[in-house]
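Under numbering that gives the first Met the number 0, the residue at position 425 of the sequence shown is numbered 424, and the numbers go up by one with no gaps.
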Amino acid sequence: MNMQNSPVTAPPAPKGLEQMQLPIVMMRDILLKTIFRKNVNIVSEVAEAICLPMPVTQELIDMAREQKLLEATGTLNANSGNEMGYQLTDAGKARAQDALSQSEYFGAMPVPLVVYREQIERQSIRNIMVTRDQLTSAMGHLVLPNSLLDHLGPAVSAGRSILMYGPPGNGKSSISNGIRDALGDHVYVPRAIEYAGQVITVYDPIVHTLIEEAPEDPNAIRRPKRFDSRYVKCERPTVITGGELSLDMLDLVYNPTARTYQAPLQLKSTGGIFIVDDLGRQAEPPQSLVNRWIVPLEENKDILALQSGEKFEVPFDTLVIFSTNFHPNEIFDQAALRRIFFKIKIDGPNQENFLKIFAMVARKRGMPLDETALVHLLKVKYPTIDNTYANYQPIFLIDQMIAICEFEGIPYQMSPDLIDRAWANMFVKDEHIVK
0 MNMQNSPVTA
10 PPAPKGLEQM
20 QLPIVMMRDI
30 LLKTIFRKNV
40 NIVSEVAEAI
50 CLPMPVTQEL
60 IDMAREQKLL
70 EATGTLNANS
80 GNEMGYQLTD
90 AGKARAQDAL
100 SQSEYFGAMP
110 VPLVVYREQI
120 ERQSIRNIMV
130 TRDQLTSAMG
140 HLVLPNSLLD
150 HLGPAVSAGR
160 SILMYGPPGN
170 GKSSISNGIR
180 DALGDHVYVP
190 RAIEYAGQVI
200 TVYDPIVHTL
210 IEEAPEDPNA
220 IRRPKRFDSR
230 YVKCERPTVI
240 TGGELSLDML
250 DLVYNPTART
260 YQAPLQLKST
270 GGIFIVDDLG
280 RQAEPPQSLV
290 NRWIVPLEEN
300 KDILALQSGE
310 KFEVPFDTLV
320 IFSTNFHPNE
330 IFDQAALRRI
340 FFKIKIDGPN
350 QENFLKIFAM
360 VARKRGMPLD
370 ETALVHLLKV
380 KYPTIDNTYA
390 NYQPIFLIDQ
400 MIAICEFEGI
410 PYQMSPDLID
420 RAWANMFVKD
430 EHIVK
């Protein structure tokens, strides 16, 4: 049975102020601050700046006019489609400056957390079915045993936590990236969300890859239905952290100057993947890091705290992949291991797969294979390390031989001598240094 994923439902644009579910004063103040900071003065420009439909923007403008914070300047020239122009009154400028002193945030109207929850459900990582073909295609650049895909496929489709462990240099990071590529669809990321009157920015161009939309054709009889432009259409996000990960990176980041918050990494990765690479290399012990994830992993919700100390729940909809070179029993207790749903050992290749990788890398690098050199490698060199093959070794050895050939000014080639020289750089001899 071939199960296809249905397209993610886009967030519908609000039809009126009553649908916004935001504090009315907050919306009015963001409108005034945006007009003040961006110097926009016609409805279409204002609507684009605050990311709301024109009818809703007009409602907000009318409300601000009634409160004598905005005034009409009369019809503008034909270039603006004969739109009415508006400007801040003196009272409006004073209110905008006062509002900016309380929070520097302006521009896109935030999405209330309760509304964002609905969108998370529409695009949940747990709704995705990944087929063997999709996973094989995404891992096409890797030589992996079929048994590994047997374990990986169900783990990814379940959208649950995965622990990949095994000796270094065998592609745990590459496999994590392949999983990300296999997901292959898109999500809608809010520019900012609102909770208890506080603004938390979520969209981050460093984490989120924007999907370019075709521009609207103004002459089209039927325009495509637009989604809520407070969101950005993106590829499913991937956050990759390594030894630098610390527990405070999983908390809200407060900007005291702007008086706004920035979403932590796991909230930015909602609907996507959070990869903790090199687990065991962080300042905090692995057990502490996993303890921080226990509630999110079990209950699909995370708990964040505002500056005031108030705690609140946010949805946790992320595939967490832990990757470590340590054996799990060395760094976790059994309670923590129970919480990690899938545990997959990533071993080095056998000799047959090692040779496949070696030949593939040589072809890509333009290095001709030499039987004598390969026999020397397999029969003389590898027995010295108990025939322990690793995925990184073919690339390392071939790149070393290429560097030697280029230095010597000879065509790319491999020989027992060049194998020996490359091998010497792959391992450092254990010897005492005389001081």
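Cβ coordinates follow ideal geometry from the N, Cα and C atoms, glycine included.
Since the model is a prediction, treat every value here as computed from it, not as a measurement.
1) I'd like to check one pair, P10 with Y194: are the Cβ atoms closer than 7 angstroms?
2) Output needed for R36: all residues of its chain with C-beta closer than 7 angstroms, excluding positions within five of it in sequence on either side, in chain order.
3) Whose C-beta lies closer than 6 angstroms to the C-beta of L376 among residues of the same chain, with five residues either side of it excluded?
4) If we count Cβ pairs, one from each stretch, closer than 8 angstroms, do we get three or more for the stretch 306 to 315 versus the stretch 131 to 151?
5) Could you check if M248 is buried or exposed, using at least 16 other CB atoms within 10 Å of its CB as the buried criterion?
6) Give the straight-line distance between the Cα atoms of A137 and A63, rounded to the nearest whole angstrom.
7) Alpha carbon to alpha carbon, what distance is there between A90 and G73?
8) Mind reading off the beta-carbon distance from S173 to L134? Whole number of angstroms is fine, and I expect it under 8 angstroms.
9) I need the boundaries of the beta strand (DSSP E) containing K300, first residue and last residue.
10) Among the residues of its own chain, which have a CB less than 8 angstroms from the CB of A219, if the five just before and after it don't count?
11) Are there 16 or more other CB atoms within 10 angstroms of the CB of D227, so buried, or fewer, so exposed?
12) Are the beta-carbon atoms belonging to S102 and R258 less than 7 angstroms from one another?
13) Quick check: the Cα distance between L396 and I192, rounded to an integer number of angstroms?
14) Figure out for me which residue from I302, W422, L278, E298 has the closest Cα to the Cα of P263.
15) What is the DSSP secondary structure of Q412, counted as helix, strand or coil?
16) Identify whether E193 lies in helix, strand or coil by the three-state DSSP scheme.
17) Could you check which residue in F353, P167, E82 has the C-alpha nearest to that of N386?
18) Would you call the CB atoms of L246 and R291 closer than 7 angstroms?
19) Do the stretch 347 to 367 and the stretch 175 to 183 make contact, defined as three or more Cβ pairs closer than 8 angstroms?
20) Could you pull out every unbroken beta strand (DSSP E) segment of at least 3 residues lying fully inside the stretch 336 to 403, listed in chain order?
21) Applying the 10 Å Cβ sphere with the 16-neighbour rule, what's the burial state of V289?
22) What is the DSSP secondary structure of N145, reduced to helix, strand or coil?
23) Can the beta-carbon of G165 be found less than 7 angstroms from the beta-carbon of K355?
24) According to the neighbour-count rule (16 or more other Cβ atoms, all chains shown, within 10 Å of its Cβ), is A421 buried or exposed?
25) With three or more C-beta pairs closer than 8 angstroms as the rule, is the stretch 119 to 129 touching the stretch 323 to 334?
26) I'd like the span of the beta strand (DSSP E) that includes I239, first residue to last.
27) Can you tell me the Cβ-Cβ gap for A107 and I49, rounded? I've got them flagged as a contact below 8 angstroms.
28) Can you tell me which of the three DSSP states G73 falls into?
29) To the nearest angstrom, how far is it from the Cα of V186 to the Cα of L68?
30) So for T259, helix, strand or coil by DSSP?
31) Taking Cβ positions, are G347 and Y388 nearer each other than 7 angstroms?
32) What is the DSSP secondary structure of K310, counted as helix, strand or coil?
33) Mind checking whether R338 and I394 have CB atoms under 7 angstroms apart?
34) Could you tell me the boundaries of the beta strand (DSSP E) in which K37 lies?
35) Within 10 Å of its beta-carbon, does F426 have 16 or more other beta-carbons around it, so buried, or fewer, so exposed?
36) For G168, tell me which candidate among E329, L87, V238, Y391 has the shortest Cα-Cα distance.
Here's the rundown:
1) Numbered from its first residue, the sequence shown carries residue 194 at position 195. Numbered from its first residue, the sequence shown carries residue 10 at position 11. P10 sits away from Y194, with the two beta carbons spaced by 7 angstroms or more.
2) If you number the sequence shown from 1, residue 36 lands on position 37. The beta carbon of R36 lies closer than 7 angstroms to those of F105 in the same chain, with the five residues before and after it left out.
3) As a working mapping, residue 376 is identified with position 377 in the sequence shown. Once the five neighbours on either side are set aside, the close Cβ partners of L376 are I418.
4) Between the stretch 306 to 315 and the stretch 131 to 151, the count of C-beta pairs closer than 8 angstroms stays below three; the two stretches do not touch.
5) Taking the first residue of the sequence shown as 1, we reach residue 248 at position 249. Classification of M248: exposed, given that the 10 Å Cβ count is below 16.
6) Mapped onto the sequence shown, residue 137 falls at position 138. Mapped onto the sequence shown, residue 63 falls at position 64. Going by the C-alpha atoms only, they are around 52 angstroms apart.
7) As a first step, residue 73 must be located in the sequence shown, where it is residue number 74. As a first step, residue 90 must be located in the sequence shown, where it is residue number 91. Rounded to whole angstroms, G73 to A90 spans 19 angstroms at the Cα level.
8) Position 174 of the sequence shown holds residue 173. Position 135 of the sequence shown holds residue 134. Not a contact, Cβ separation roughly 13 angstroms.
9) Taking the sequence shown and counting its residues from 1, the one referred to as residue 300 is at position 301. Counted as a single uninterrupted DSSP element, the beta strand (DSSP E) harbouring K300 occupies residues 300 to 304.
10) Taking the first residue of the sequence shown as position 1, residue 219 is located at position 220. Per-residue confidence for A219 stands at a pLDDT of 49, beneath the threshold of 50, marking its modelled position as unreliable; no derived number is given.
11) For this step, residue 227 is matched to residue 228 along the sequence shown. Taking all protein chains in view, the Cβ of D227 is crowded by 16 or more other Cβ atoms within 10 Å, so the residue is classified as buried.
12) In the sequence shown, residue 102 corresponds to position 103, counting from 1. In the sequence shown, residue 258 corresponds to position 259, counting from 1. Yes, Cβ-Cβ distance for S102 and R258 is below 7 angstroms.
13) Here residue 396 corresponds to residue number 397 of the sequence shown, with the count starting at 1. Here residue 192 corresponds to residue number 193 of the sequence shown, with the count starting at 1. Cα to Cα, L396 sits roughly 50 angstroms from I192.
14) In the sequence shown, residue 263 corresponds to position 264, counting from 1. For P263, the nearest C-alpha among the options comes from I302.
15) What you label residue 412 is simply residue 413 of the sequence shown in a count that begins at 1. Coil.
16) The residue given as residue 193 occupies position 194 in the sequence shown. Strand, per DSSP.
17) Your numbering for residue 386 matches position 387 in the sequence shown. Measuring from the Cα of N386, the nearest candidate turns out to be F353.
18) One-based indexing of the sequence shown puts residue 246 at position 247. One-based indexing of the sequence shown puts residue 291 at position 292. It is a contact, given that the beta carbons lie within the stated cut-off.
19) As far as the Cβ criterion goes, the stretch 347 to 367 does not touch the stretch 175 to 183, which means the pair count is below three.
20) For the stretch 336 to 403, the full-length beta strand (DSSP E) segments reaching 3 residues or more read 341 to 344 along the chain.
21) Within the sequence shown, residue 289 is the residue found at index 290, counting from 1. Buried.
22) Within the sequence shown, numbered from 1, the residue matching residue 145 stands at position 146. In this structure, N145 counts as helix in the three-state DSSP scheme.
23) By 1-based counting over the sequence shown, the position of residue 165 is 166. By 1-based counting over the sequence shown, the position of residue 355 is 356. No, they are not a contact pair.
24) Along the sequence shown, one-based indexing puts residue 421 at 422. Counting Cβ neighbours within 10 Å, A421 comes out buried, since at least 16 surround it.
25) Proximity of the stretch 323 to 334 to the stretch 119 to 129 falls short of the contact definition, fewer than three beta-carbon pairs being nearer than 8 angstroms.
26) Stepping through the sequence shown from its first residue, residue 239 is reached at position 240. Note, I239: beta strand (DSSP E), 237 to 240.
27) Position 108 of the sequence shown, counted from the first residue, corresponds to residue 107. Position 50 of the sequence shown, counted from the first residue, corresponds to residue 49. Rounded, the Cβ-Cβ distance is 6 angstroms, consistent with contact.
28) Counted from its first residue, the sequence shown places residue 73 at position 74. In this structure, G73 counts as strand in the three-state DSSP scheme.
29) The count along the sequence shown starts at 1 and reaches residue 186 at position 187. The count along the sequence shown starts at 1 and reaches residue 68 at position 69. Going by the C-alpha atoms only, they are around 37 angstroms apart.
30) In the sequence shown, the residue the question calls residue 259 occupies position 260. In the three-state reduction of the DSSP assignment, T259 falls in the strand class.
31) Here residue 347 refers to the residue found at position 348 of the sequence shown. Here residue 388 refers to the residue found at position 389 of the sequence shown. Yes, they are a contact pair.
32) Position 311 of the sequence shown, counting from 1, holds the residue named residue 310. Three-state result, K310: strand.
33) Locating residue 338 in the sequence shown gives position 339, counting from the first residue. Locating residue 394 in the sequence shown gives position 395, counting from the first residue. No; because the gap between Cβ atoms is not below 7 angstroms, this pair is not in contact.
34) For this step, residue 37 is matched to residue 38 along the sequence shown. Run containing K37: none in the beta strand (DSSP E); it sits in the alpha helix (DSSP H), 23 to 37.
35) Start at 1 with the first residue of the sequence shown, and residue 426 comes out as number 427. Exposed is the label assigned to F426, since fewer than 16 other Cβ atoms lie within 10 Å of its Cβ.
36) Residue 168 sits at position 169 when you count from the first residue of the sequence shown. G168 has its Cα closest to that of Y391, out of E329, L87, V238, Y391.
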